[in-house]
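> Numbering (the numbering used here), first residue to last: 163 to 380. My questions all concern the structure below.
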């Protein structure tokens with residue numbers, strides 16, 4: 163298989179890696195994120211069930227109580243409404259993030275730069291068309307593998323000339339191996355809800371044995 167074919171296969175695998183970065187969790191604590199947006203809808207419609215899917219079943223009582231309190235207070239005036247809404251938003255996001263194994267550090271302002279991957283992932287779900295998302299991720303994977311592969315291949319050709327050349331090869335070979343290994347492991351490891359900011363709690367990537375003649379100790 164040529165390099166283009168290899169990269170094409172790796173592109174799909176890297177989607178999981180790209181979307182499990184910390185930004186995906188941060189997406190849920192912004193004022194224009196999915197959790198707060200649904201919280202606003204729940205308060206407007208008087209229906210707490212709209213947000214309950216975003217918390218664990220054992221946390222429903224806490225959210226119900228916060229919702230009832232906010233609903234009772236928000237009708238007393240403009241200032242009261244702002245405070246009640248904020249209280250409910252913060253409670254909901256905090257409980258949701260606890261379920262993700264992530265800390266709650268306060269609500270973030272709307273309009274934060276989440277990078278291209280998260281908006282593309284959301285748009286794919288909204289439109290039912292994953293093509294642009296696959297293209298976005300695929301281009302990054304292609305570029306990354308090609309960069310590390312090319313550098314390692316070039317250094318390998320001169321590795322036997324002297325110690326410095328051999329060391330230069332090792333310094334290119336190790337990042338190449340780690341980059342490809344990370345892509346594969348993230349693609350092969352299911353992402354569990356509640357895995358926390360690290361993506362895979364307790365997951366340590368295995369290190370394959372180097373091929374004959376390749377540097378050891380990466």
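Note that CB positions come from ideal geometry on N, CA and C, so glycine has one too. Note that the structure is a prediction, hence the values are computed from the model and not measured.
#1: Count the C-beta pairs between the region 298 to 309 and the region 197 to 206 that are closer than 8 angstroms, then say yes if the count reaches three, no if not.
#2: As an exercise, report each continuous alpha helix (DSSP H) stretch of at least 4 residues that is fully enclosed by the region 244 to 320, in chain order.
#3: Assuming residue 310 contacts residue 341 (C-beta within less than 8 angstroms), just tell me the rounded distance between them.
#4: Let's see if you can read the secondary structure: which residues bound the alpha helix (DSSP H) around residue 210?
#5: Just tell me which of 198, 352 and 334 has its CA closest to the CA of residue 272.
#6: If you count every other CB in all the chains shown that lies within 10 Å of the CB of residue 264, and 16 or more means buried, which is it?
#7: Does the beta-carbon of residue 259 have 16 or more other beta-carbons within 10 angstroms, so that it is buried, or is it exposed?
#8: Bridge partners of residue 192, per DSSP?
#9: Of all the options 244, 218, 284 and 313, which has the alpha carbon lying nearest to the alpha carbon of residue 255?
#10: Could you work out which residue in 223, 335, 192 and 294 is closest to residue 248 when comparing CA atoms only?
Taking the structure as given:
#1: no
#2: Segments of the alpha helix (DSSP H) lying fully in the region 244 to 320: 279 to 289 and 293 to 318.
#3: Indeed, because the Cβ distance is near 5 angstroms, the residues count as touching under 8 angstroms.
#4: Premise fails: residue 210 is in no alpha helix (DSSP H) and is neither H nor E.
#5: Checked all of 198, 352 and 334; the closest Cα to residue 272 is 198.
#6: With at least 16 other beta carbons inside 10 angstroms of its own, residue 264 counts as buried.
#7: buried
#8: 270
#9: 218
#10: 192
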